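2 protein chains.
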Amino acid sequence: MAVTYPHGFRAGTAACGIKAFTAGASAIPSGQRDDLCVIHSSRQCDTGGVFTTNKVKSASVVIDQLHLQRNRVQALAINSGNANACTGAQGFRDALLMAKLAADRLDLDPDQVLVSSTGVIGRYLPMDAVKAGIAEACANLSDEAGEAAAKAIMTTDTVPKTASLELDLAGAKVRIGGMCKGSGMIHPNMATMLAYITTDAAVEPGLMASLVRSIADRSFNQVSVDGDSSTNDTFLMLANGAAGNAPISAGSVEAAFLEDALVEIARQLARSIARDGEGATKLITVKVGGAASDGDARTAARAVAASSLVKTAVHGGDPNWGRIVCALGYSGAELALDRLHLKVGGLVVFERGTGVDVDLAAVRRAFEQPEIEIVAELGLDGGRAEAWGCDLSEEYVRINADYTT
Amino acid sequence: MAVTYPHGFRAGTAACGIKAFTAGASAIPSGQRDDLCVIHSSRQCDTGGVFTTNKVKSASVVIDQLHLQRNRVQALAINSGNANACTGAQGFRDALLMAKLAADRLDLDPDQVLVSSTGVIGRYLPMDAVKAGIAEACANLSDEAGEAAAKAIMTTDTVPKTASLELDLAGAKVRIGGMCKGSGMIHPNMATMLAYITTDAAVEPGLMASLVRSIADRSFNQVSVDGDSSTNDTFLMLANGAAGNAPISAGSVEAAFLEDALVEIARQLARSIARDGEGATKLITVKVGGAASDGDARTAARAVAASSLVKTAVHGGDPNWGRIVCALGYSGAELALDRLHLKVGGLVVFERGTGVDVDLAAVRRAFEQPEIEIVAELGLDGGRAEAWGCDLSEEYVRINADYTT
């Protein structure tokens, strides 16, 4: 049920052929899948967002940053197939029009609508298609359409990505739902990641904005991304208050529990991105402890999860722990080599500055599992973090995977 | 003739089965190729070196940094097949012994020998094999063996990489030669790069050390590497004075011309690494001008050359300039989007903030050439730089290359 699991959120979708029209088609190809969705909340939401750090931002990102300033968002309009990036002044007009078209249909002001786009860069949005799609999506809004919305935002994704949970909070049942798109590639520097989390928790205005960056740092930013960032990357959190709990204020115990639950959903979504890596067959989870700081731990975990040579070793079932140690080494995180402790699939492979004389067959079996856990203790302080990646296959692997054997 | 092209340098090689013995073999497999070389100079050299920035450094790197302090190097001993990294105290003893074995054979002190290793991480060097190899290599030193030495240091390289040139300088013919190994992979974070440049120029002591970092920054560090660094990366420049020119001092006009020639050789070697990318079919050269600084230009050029999505677009002959603009955008370099000017294969594809209505078939033809030049003017100041990469093939490409078409 995804983003429509929390009360008061509905979704509608449409197949309007945006990718085909972008490429110059004159009619929607038959069998075209949904490429546009609208999410609507029955109440105005407290909303927080983080966006790409790319100096070249898509029109939708710029418009969203503007609309978020008034913090009265009540709907989202999202298309796949065209990124509306590097499209100059026309691109901004189109993004604004997209918000206005949805607002008109939903009886809102344009600045109550956020827009996202993902797909080809440098082509104008086919606005006739977008207009028809928004009309259709707004006409079929339903609280059952969360999964359909998750499908409509896919580009190279092979599966829709959703998560949801319910918790008791401040005297009410509070629901959280989410969806995202993106695939954890080798080096997904421009694979746009879009992620949306909805909740019916009632919160003091500004709480979502105060939490969103820290949640992104512990989830989406830890999917082997190297800090690279597409023109369109967007993560939004919307809280509409429909659960009827006493409004949660920043710094309260309830806010901390809500944050935990939001992080949990964000992590599930982030892991699903890593798992859907292009050509991937295995999920790699990297846990780092004993770091000088949480930031250092994040950096170190990300470096291991992003290392092409770790990925190929995992793919090849090659017990090459040296590549993990070296990724930790170049990550930039402080580490004490003589106290470094490394486990793969629960087996200690490195301690006191050198490899352990471990049963290589057992390490190989660990590397062969569909989910591999790598745990590194850096030997310094209490900083810890997690990151996720996938294995790497094909020719690159043929060259690297058997390197030690 | 490579590193033996300058007068006074000789090389010797040996096939001693280091990789096989590292994996536990009891005899050298038949058909084993050379995996060890020794380079010897008839005179003591002025030597400069730059090494990996990885916090985990191989034993050879640590030993070399120590030996370079006295600046009286006269020989190199290099092995492939085993990196001697993450090998603890035993690794340091082995690296020192490697230097001593060569020194004994060549009548030098151990600190006159630098050692390099490349290959598998976390295994002890098979010192019996290394000892036999050093004896054999020292016994067959020849000024014809530069190419053989370039072959002996290869790991996943498909071709040996060498370069040489001669110039008139300070009243003499001065020769420069070089060799390197490494392949410009997707994300070669632990693909050790070893590079050696020899010259018979006479120089004041310390000149090589004063030039080596700036030369690396304009060559090897610009091969789509993202600043990642293996445990063993090494670049050494040795000048032995055999050309008999008046010694060149730092800051002189002659030093500037010598630097130009050294950069030229280093660039040729760096390009050969990019061209030998695993699975690569095309060389990508990225030239950036109009940057706020040379450093910004280097950063921007490297980001484009390292972008997996640019690489796949080039491989697929897909005229997707949007990916280039976006790589510039996330590189961290300052740019003026409204003055950004972008050419691919000589065709203007982007200016004044948006795409040019260019003949896509012509851009596609440019992308289909074996060497593709991408030129970006960032619209700010006089900073400029160059970087090199290769295209990216296989499954990753099947998903990405046809994205806009």
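Heads up: the protein sequence lines correspond to chains A and B, in order. For what it's worth, the working numbering labels the leading residue of the first sequence as 1, then goes sequentially. For what it's worth, the working numbering labels the leading residue of the second sequence as 1001, then goes sequentially. From the three backbone atoms N, C-alpha and C, an ideal C-beta is built for every residue, glycine too. Being a predicted model, the structure only gives us computed values, none of them experimental.
Run of the alpha helix (DSSP H) containing residue i, from where it starts to where it stops
| i | result |
| --- | --- |
| Gly88 (chain A) | 88 to 106 |
| Ile18 (chain A) | 18 to 22 |
| Glu136 (chain A) | 127 to 139 |
| Gly964 (chain B) | Nothing in the structure corresponds to residue 964 (chain B), since chain B is present only between 1001 and 1405. |
| Phe350 (chain A) | Premise fails: Phe350 (chain A) lies in the beta strand (DSSP E), 347 to 351, not in any alpha helix (DSSP H). |
| Ile1372 (chain B) | No alpha helix (DSSP H) contains Ile1372 (chain B), which is instead part of the beta strand (DSSP E) from 1371 to 1377. |
| Ile1063 (chain B) | 1059 to 1068 |
| Val212 (chain A) | 207 to 217 |
| Leu283 (chain A) | No alpha helix (DSSP H) contains Leu283 (chain A), which is instead part of the beta strand (DSSP E) from 283 to 291. |
Residue i, buried or exposed, once every other Cβ within 10 Å from all chains shown has been counted against 16
| i | result |
| --- | --- |
| Leu1360 (chain B) | exposed |
| Gly1289 (chain B) | buried |
| Gly346 (chain A) | exposed |
| Gly1379 (chain B) | buried |
| Lys173 (chain A) | exposed |
| Thr1281 (chain B) | exposed |
| Pro188 (chain A) | Reliability fails at Pro188 (chain A), whose pLDDT of 43 lies under 50, so the model's placement of it is uncertain and the value that follows must be treated cautiously. By the neighbour-count rule (16 or more Cβ atoms within 10 Å), Pro188 (chain A) is buried. |
| Met1190 (chain B) | Because Met1190 (chain B) sits at a pLDDT of 48, beneath the cut-off of 50, its placement in the model cannot be relied upon, and the following sentence gives the value as read from the coordinates. Flag for Met1190 (chain B) reads buried. |
| Ser1408 (chain B) | A question about residue 1408 (chain B) goes unanswered here, because the residues of chain B that appear run from 1001 up to 1405. |
| Ile186 (chain A) | Its pLDDT being 43, under 50, Ile186 (chain A) is placed unreliably by the model, and nothing is read from it. |
| Lys1057 (chain B) | buried |
| Val253 (chain A) | exposed |
| Pro370 (chain A) | exposed |
| Pro126 (chain A) | buried |
| Gly49 (chain A) | buried |
| Gly227 (chain A) | Note that Gly227 (chain A) scores 49 on pLDDT, short of 50, meaning its location in the model is unreliable; the coordinates nonetheless yield the value given after this. The residue in question, Gly227 (chain A), is exposed, as its Cβ has fewer than 16 Cβ neighbours within 10 Å. |
| Asp64 (chain A) | buried |
| Gln1069 (chain B) | exposed |
| Ser1230 (chain B) | buried |
| Ala246 (chain A) | exposed |
| Gly251 (chain A) | exposed |
| Ala201 (chain A) | buried |
| Ala102 (chain A) | buried |
| Ser1116 (chain B) | buried |
| Ser1164 (chain B) | buried |
Which residues DSSP lists as bridging residue i, in chain order
| i | result |
| --- | --- |
| Tyr196 (chain A) | A:Met179, A:Leu236 |
| Ser1272 (chain B) | According to DSSP, Ser1272 (chain B) bridges with nothing at all. |
| Phe51 (chain A) | A:Thr234 |
| Cys1037 (chain B) | B:Thr1013, B:Ile1078 |
| Asp428 (chain A) | No information on residue 428 (chain A) is available, as it lies outside the stretch 1 to 405 that chain A covers here. |
| Leu1165 (chain B) | B:Ile1176 |
| Lys1151 (chain B) | Looking at the DSSP assignment, Lys1151 (chain B) forms no beta bridge with any residue, so it has no partner. |
| Ile1248 (chain B) | B:Val1203 |
| Thr1312 (chain B) | Thr1312 (chain B) is not bridged to any residue. |
| Asp46 (chain A) | A:Ala239 |
| Thr4 (chain A) | Thr4 (chain A) pairs with nothing; no bridge assigned. |
| Gly1355 (chain B) | B:Phe1350 |
Within 8 angstroms, strictly: CB atoms of residue i and residue j
| i | j | result |
| --- | --- | --- |
| Val304 (chain A) | Ala327 (chain A) | yes |
| Ile1374 (chain B) | Ile1273 (chain B) | no |
| Ile978 (chain B) | Ile1197 (chain B) | Past the edges of chain B, shown from 1001 to 1405, lies residue 978 (chain B), and the structure says nothing about it. |
| Pro6 (chain A) | Ala242 (chain A) | yes |
| Cys1138 (chain B) | Leu1096 (chain B) | no |
| Ala59 (chain A) | Gly81 (chain A) | no |
| Ala77 (chain A) | Ile18 (chain A) | no |
| Glu386 (chain A) | Lys287 (chain A) | yes |
| Arg1267 (chain B) | Cys1390 (chain B) | no |
| Arg43 (chain A) | Ser142 (chain A) | no |
| His1002 (chain B) | Gly1177 (chain B) | It should be noted that the sequence gives Ala, not His, for residue 1002 (chain B). Their beta carbons are under 8 angstroms apart, which means Ala1002 (chain B) touches Gly1177 (chain B) by this criterion. |
| Leu342 (chain A) | Val363 (chain A) | no |
First through last residue of the beta strand (DSSP E) which encompasses residue i
| i | result |
| --- | --- |
| Gly1388 (chain B) | Going by the sequence as given, residue 1388 (chain B) is Trp instead of Gly. That run of the beta strand (DSSP E) goes 1383 to 1390. |
| Leu1076 (chain B) | 1075 to 1082 |
| Ser116 (chain A) | 113 to 120 |
| Gly1332 (chain B) | Note, Gly1332 (chain B): premise wrong, no beta strand (DSSP E); not H, not E. |
| Leu1360 (chain B) | No beta strand (DSSP E) contains Leu1360 (chain B), which is instead part of the alpha helix (DSSP H) from 1360 to 1367. |
| Val410 (chain A) | Because chain A spans 1 through 405 in this model, residue 410 (chain A) falls outside it and cannot be assessed. |
Contact with chain E by residue i, beta-carbon distance below 8 angstroms
| i | result |
| --- | --- |
| Ala85 (chain A) | Going by chain labels, chain E is absent from the structure shown, which instead holds the protein chains A and B. |
Should the region 1079 to 1096 of chain B be called in touch with the region 1121 to 1128 of chain B, which here means at least 3 C-beta pairs below 8 angstroms?
-> Yes, the region 1079 to 1096 of chain B is in contact with the region 1121 to 1128 of chain B.
Counting Cβ pairs closer than 8 angstroms, one from the region 322 to 339 of chain A and one from the region 299 to 313 of chain A, do we hit at least three?
-> Taking 8 angstroms as the limit for Cβ pairs, the verdict is that the region 299 to 313 of chain A does touch the region 322 to 339 of chain A.
Check whether the region 1151 to 1163 of chain B touches the region 1231 to 1239 of chain B, taking contact to mean three or more Cβ pairs, one atom from each stretch, closer than 8 angstroms.
-> No: fewer than three Cβ pairs fall under 8 angstroms.
At a cut of 8 angstroms, does the region 371 to 388 of chain A reach the region 1143 to 1152 of chain B through at least three beta carbon pairs?
-> Because the criterion of three Cβ pairs below 8 angstroms is not met, the region 371 to 388 of chain A and the region 1143 to 1152 of chain B do not touch.
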